[in-house]
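In this note's numbering, the protein residues as written are 286 to 701. Cβ atoms here follow ideal geometry from the backbone N, Cα and C, with glycine treated the same way. Here's the structure, in structure tokens; my notes come after.
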């Protein structure tokens, strides 16, 4: 970005964005927290004191993007200091609690001279940006200081707003200043090359596949649910469900609970609001319900309701099959957290936001349900037909194994 494009961005577009953020901060607590955090981050990073240990700088927009680049942080953190910035509060608040050995900050405001001072202080060996949260002056300052910048897990769907003419007009030059773009798929590579006129794109896959494998290994030693409750039952995990998911599943699940006495349900709401929890308790009271945090005697209760957040990925290991929520609302959540355990997965119609979900359906490793009738019939077959269930699970396992390894490929390109 040069000449009048930079002038328009620096003196018109971005100042309006900053002014709007300050205005919204007056009425929105989360935005106010983020704005204050950006000022604190700028002050801290400008005065950063480097030491003999090399440093790597990561940036993620929010919690999801941060989780996806954890494998890179995991491996590089063994020999490097790690600094991570976040655009949103969700990633920042989670990271500072969970990973005290790393340094976490809000992303400072995107002013060119500010970034020159910050990067001069940090002097990172590499900068990694997760997915697509690119800021023009951050990239230009790194380019001027000859600091390599890598865009990781890069994707560009055919419907992406980044394909509009205005975005491409301003940001194509920025993409060309990125040292290397590591794309998820060949389609992403082709679209990025066409849209931004770049030639620095390699297809390596998605590091989030490696993350679910790492988390699976870490979950092995955790016993989150009593073995007595699991017994010899067939457990269905209903992960990250919204009321919209529940409205379709509740009826079929009640019917199947009556038909199959060994069936148990593990409800994990996306947001465990009291109203939702009570609705599940009422609807499934004939089968016995218990809440995860109450540690009740569960031996006679066939439904366990998880009323905390943050442990779903570790709970899928207890399932024989899983439903992945969000797919009757705005879009499916992380299907790979369930798939890594080699169990059949099913979900609703709104799953096109997930490359993995669409591919699993094509491979006959996942099943789409659009209404109560379809939900009942696919659940009934998966529960009663063990060979069918295990064959679907093998398809899932094969898909996961085929798509891991992106982290190793990136590190190899870096010479690590």
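In the DSSP assignment, no residue is bridged to residue 450. If you check the CB distance, residue 412 and residue 433 come in under 8 Å. For residue 576, the uninterrupted beta strand (DSSP E) segment begins and ends at 574-576. Look at residue 372 here: in three-state DSSP terms it is coil, with no helix or strand label.
Annotation: the region 355-402 contains the following complete segments of the alpha helix (DSSP H) (minimum length 4 residues), in chain order: 355-361 and 374-383. Residue 570 sits in a helix when the DSSP states are folded into three classes. Counting along the chain, no beta strand (DSSP E) covers residue 656, and no H or E run does either. Inside the region 585-627, DSSP marks whole alpha helix (DSSP H) runs of 4 or more residues at positions 597-600 and 621-624, from first to last along the chain.
Counting only unbroken stretches of 4 or more residues, the alpha helix (DSSP H) elements lying wholly within the region 495-544 are 512-515 and 528-544, in sequence order. Contact annotation: residue 331 and residue 402 have beta-carbon atoms nearer than 8 Å. Secondary structure note for residue 426: its alpha helix (DSSP H) is the uninterrupted segment 421-429. The DSSP-derived three-state label of residue 557 is coil. Counting along the chain, the unbroken beta strand (DSSP E) around residue 344 starts and ends at 340-345.
A straight line joining the alpha-carbon of residue 537 with that of residue 568 spans about 12 Å. Residue 454 has its alpha-carbon roughly 35 Å from the corresponding atom of residue 621. Secondary structure within the region 458-495: the beta strand (DSSP E) runs of 3 or more consecutive residues, fully enclosed, are 465-468 and 486-488 (chain order). Pairing residue 630 with residue 610, the inter-Cα distance amounts to about 11 Å.
Contact between residue 437 and residue 348 does not hold, since the beta-carbon distance rounds to 16 Å and is not under 8 Å.
In the DSSP annotation of this structure, the continuous segment of the alpha helix (DSSP H) that includes residue 348 starts and ends at 348-353. In terms of CA proximity to residue 430, 409 leads the group 414, 421, 409 and 552.
For the set 422, 381 and 389, the Cα lying nearest the Cα of residue 399 is the one of 422. The beta carbon of residue 583 lies closer than 6 Å to those of 514 and 575 in the same chain, with the five residues before and after it left out. Residue 439 sits in a strand when the DSSP states are folded into three classes.
In the DSSP annotation of this structure, residue 432 is not part of any alpha helix (DSSP H), being labelled neither H nor E. In this structure, 623 is the residue among 326, 557, 623 and 494 with its C-alpha nearest to the C-alpha of residue 602. In this structure, 290 is the residue among 675, 290, 684 and 657 with its C-alpha nearest to the C-alpha of residue 457. Less than 8 Å divides the Cβ of residue 673 from the Cβ of residue 667. Per DSSP, the continuous alpha helix (DSSP H) segment holding residue 685 begins and ends at 671-688.
The C-alpha of residue 566 lies about 51 Å from the C-alpha of residue 697.
Per DSSP, residue 333 lies in no beta strand (DSSP E) and is assigned neither H nor E. For residue 548, the three-state secondary structure derived from DSSP is strand. Under DSSP, residue 632 takes part in a beta bridge, and its partners are 653. Leaving aside the five residues that flank residue 652 on each side, the residues in its chain whose CB is nearer than 6 Å to its CB run, in chain order, 631 and 663. In terms of CA proximity to residue 516, 550 leads the group 477, 550 and 371. Less than 8 Å separates the beta-carbon of residue 339 from that of residue 365. Residue 413 is bridged by DSSP to 343 and 435.
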